[in-house]
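Comments concern the structure below.
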Amino acid sequence: DSGVTQTPKHLITATGQRVTLRCSPRSGDLSVYWYQQSLDQGLQFLIQYYNGEERAKGNILERFSAQQFPDLHSELNLSSLELGDSALYFCASSVAGGQPYEQYFGPGTRLTVT
Amino acid sequence: GDSVTQMEGPVTLSEEAFLTINCTYTATGYPSLFWYVQYPGEGLQLLLKATKADDKGSNKGFEATYRKETTSFHLEKGSVQVSDSAVYFCALFAYNQGGKLIFGQGTELSVKP
């Protein structure tokens, strides 16, 4: 158990819908990262937050957004969903950002868009 | 941009066989390098890391040496077990891209008894 929790574990929704994925980092970790894992794209970095502020952005679509709240949990919002958004979404946390600290991964949320 | 290339899988070995999973990288500067492992149905776990050239990371019998001259970080284990069956990801820490991890495509390892 990494100490990172993600909810829900599975999500099935229809095209055009909007969903919110939630992540709680390990106790004491200030940085949260979101990754998307799909068969065709592999594991892709989406976005990083550090202590409530956006720190780095990767291959995140404009239809996706994220935020980190004062209690350090984070949410990833996916809107106008398309079939191609079906993937496993991981959250990871580390003690800080900007240095190669170990990132601890949650178990992931499997999103299926039908 | 920075990138990581791993050998394609799946790799199938018999128990106690020697394992090598190749990983090469392209990066500006000197990134830190990692191997992560993903067991079925779970998230990724850090297996080992190396932060500078010639460093050797090791954990649970796995080893990898950071080779700057060949831009490689190959994963090795002398004697694999069935419990090592998983997907292995090589990654680099991109200092010049906000400090994100860039992953290779993953290599699936299956160990047969």
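Sequences listed follow chains B and C, in order. With the working numbering applied, the first sequence closes on residue 1211, and no number is skipped along the way. With the working numbering applied, the second sequence closes on residue 112, and no number is skipped along the way. All C-beta atoms in this analysis are idealised placements derived from N, C-alpha and C, irrespective of residue type, glycine included.
DSSP three-state assignment for residue i, whether helix, strand or coil
i, result
"C:Y94", "helix"
"C:V79", "coil"
"B:L1178", "coil"
"B:S1201", "The amino acid occupying residue 1201 of chain B in the given sequence is Tyr; Ser does not appear at that position. Looking at B:Y1201 - three-state DSSP - the assignment turns out to be strand."
"B:L1136", "coil"
"C:F17", "coil"
"B:H1170", "coil"
"C:T70", "coil"
"C:K111", "strand"
"C:A26", "coil"
6 Å CB neighbourhood of residue i in its chain, flanking five on each side removed
i, result
"C:Y24", "V3, T70 and L91"
"C:Q44", "V36"
Residue i burial status per 10 Å Cβ neighbour count (16 or more: buried)
i, result
"B:I1109", "exposed"
"B:T1206", "buried"
"C:S13", "exposed"
"B:A1111", "exposed"
"B:P1197", "buried"
"B:R1115", "exposed"
"C:K55", "exposed"
"C:A49", "buried"
"B:V1129", "buried"
Check: residue i C-beta below 7 Å from any heavy atom of the ligand HEM
i, result
"B:G1113", "Absence of the ligand HEM is noted for the structure shown, with no ligands found whatsoever."
Cutoff 8 Å: residue i Cβ touching any chain C Cβ
i, result
"B:E1199", "yes"
"B:P1122", "no"
"B:G1194", "yes"
"B:F1166", "no"
"B:G1203", "yes"
Nonlocal neighbours in the same chain, by C-beta distance under 7 Å from residue i, ignoring five residues either side
i, result
"B:N1148", "L1127"
"B:S1177", "G1113 and R1160"
"B:N1182", "Rather than Asn, the amino acid found at residue 1182 of chain B in this sequence is Asp. So the list reads L1175, L1208 and V1210, once near-sequence residues are dropped."
"C:Q96", "D1"
Neighbour flag for residue i against chain B, beta carbons, 8 Å
i, result
"C:Q80", "no"
"C:G0", "no"
"C:L100", "yes"
"C:G105", "yes"
Nonlocal neighbours in the same chain, by C-beta distance under 8 Å from residue i, ignoring five residues either side
i, result
"C:V81", "E14, V110, K111 and P112"
What are the residues in the stretch 39-66 of chain C lying within 9 Å of chain B by C-beta distance? Going along the stretch 39-66 of chain C in chain order, one finds G40, E41, G42, L43, Q44, L45, K48 and T50 with a Cβ nearer than 9 Å to chain B.
Please name the residues in the stretch 1136-1160 of chain B whose beta-carbon is closer than 7 Å to at least one beta-carbon of chain C, in chain order. Within the stretch 1136-1160 of chain B, the qualifying residues are G1139, L1140, F1142, Q1145, R1152, A1153 and G1155.
Chain-ordered residues of the stretch 1099-1123 of chain B with a beta carbon less than 7 Å from chain C: Identification of residues in the stretch 1099-1123 of chain B having a C-beta nearer than 7 Å to some C-beta of chain C yields S1099, given in sequence order.
Residues of the stretch 0-32 of chain C whose Cβ lies closer than 7 Å to any Cβ of chain B, in chain order: S31: these are the residues of the stretch 0-32 of chain C whose beta carbon lies less than 7 Å from some beta carbon of chain B, given in chain order.
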